[in-house]
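A quick write-up on the structure given underneath.
In the working numbering, the protein residues as written are 272 to 520.
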């Protein structure tokens, strides 16, 4: 594994303060591989054999039920995913697939659990990570259950604009199909919600978003720290719930 990759992994809050010998023990047993797009890395229901760390690319976490499928998160570097299942030695609750060419470090779950028992600082970091992720999931669930689709979309755009006043311009980091799924909508519902926001000064051209006046979106979404953060799962107060954190299931 490249020294630069080790340094990035070591900088994660999960590994930052653990004993150096224990960190290198985890890395000695780890595999670092490159995967092409649309490769399924894990399947829900299968044993959690590895903790995954993405060092390059993007990975979609998703779940299926009968003929339905939904996006749970999109994980970007440098982040871990499937921590809770590895610690509990339990089946995966989500599947994962690469969206683009991606480099993934796979740390054996057995090694992770062994070091968890021996390294108190590492164990505390895991507890903090899981607690943060739990709170992030509660916020996302509240967002889905308490906000209408137009309000959810407005809140998402505000998070990505990283402001609540004035104009804003940014690029969506994922395709609209995935965004719709993450926000609990069909693609058709997302399209309708975007059209409804045109009267509030929102223009979307492909993945490019322009907002003339964020205060109009604030009046729609009513941002609230109990719904929108600031705490995140390693990662969306911005594209973060969706793009840069730790998926725990």
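Just so you know, even glycine gets a beta-carbon here, dropped at the ideal spot from N, CA and C.
C-alpha of residue 429 to C-alpha of residue 494: approximately 8 angstroms in a straight line. Taking 7 angstroms as the cut-off, the beta carbon of residue 387 is found no closer than this to the beta carbon of residue 289.
Taking residue 467 as reference, the option from 348, 447, 352 and 491 with the minimal CA-CA separation is 491. Apart from the 5 residues on each side of it in sequence, residue 414 sits with its Cβ closer than 8 angstroms to the Cβ of 423, 426, 498 and 499 in its chain, given in chain order. When the five nearest sequence neighbours on each side are left out, the beta carbons in the same chain lying within less than 6 angstroms of the beta carbon of residue 483 are those of 438 and 472, in order along the chain.
In the DSSP assignment, residue 476 falls within the beta strand (DSSP E) that extends over 473 to 476.
In the DSSP assignment, residue 369 is bridged to 330. For the pair of segments examined, the region 328 to 336 was found to touch the region 364 to 372: the number of CB pairs separated by less than 8 angstroms reaches three. Counting every other CB atom within 10 Å of its CB across the protein chains shown gives residue 411 a total of 16 or more, marking it as buried. For residue 325, the three-state secondary structure derived from DSSP is strand. Rounded to whole angstroms, residue 347 and residue 487 show a C-alpha spacing of 30 angstroms.
Residue 363 carries a coil assignment under DSSP once its states are collapsed to helix, strand and coil.
Sixteen is the threshold: since fewer than 16 other Cβ atoms of the shown chains lie within 10 Å of the Cβ of residue 361, the residue is exposed. Under the three-state reduction of DSSP, residue 287 is assigned to coil, being neither helix nor strand. Within its own chain, the residues whose Cβ lies closer than 6 angstroms to the Cβ of residue 311, once the five positions on either side in sequence are excluded, are 368, listed in chain order.
Cβ contact annotation for residue 294 (same chain, cutoff 7 angstroms, sequence separation greater than five): 281 and 286, in chain order. Residue 302 counts as exposed, since fewer than 16 other C-beta atoms from the protein chains shown sit within 10 angstroms of its C-beta.
In the three-state DSSP reduction, residue 443 falls in the coil class, being neither helix nor strand. At least 7 angstroms separates the beta-carbon of residue 458 from that of residue 469. The residue among 341, 377 and 309 with its C-alpha nearest the C-alpha of residue 299 is 377. In terms of CA proximity to residue 319, 355 leads the group 355, 443 and 489. In this structure residue 436 is exposed. Its beta-carbon is surrounded by fewer than 16 other beta-carbon atoms within 10 angstroms.
With fewer than 16 other Cβ atoms inside 10 Å of its own Cβ, residue 359 counts as exposed. Listed as beta-bridge partners of residue 306 by DSSP are 373.
When rounded, the separation of the alpha-carbon atoms in residue 313 and residue 381 is 17 angstroms.
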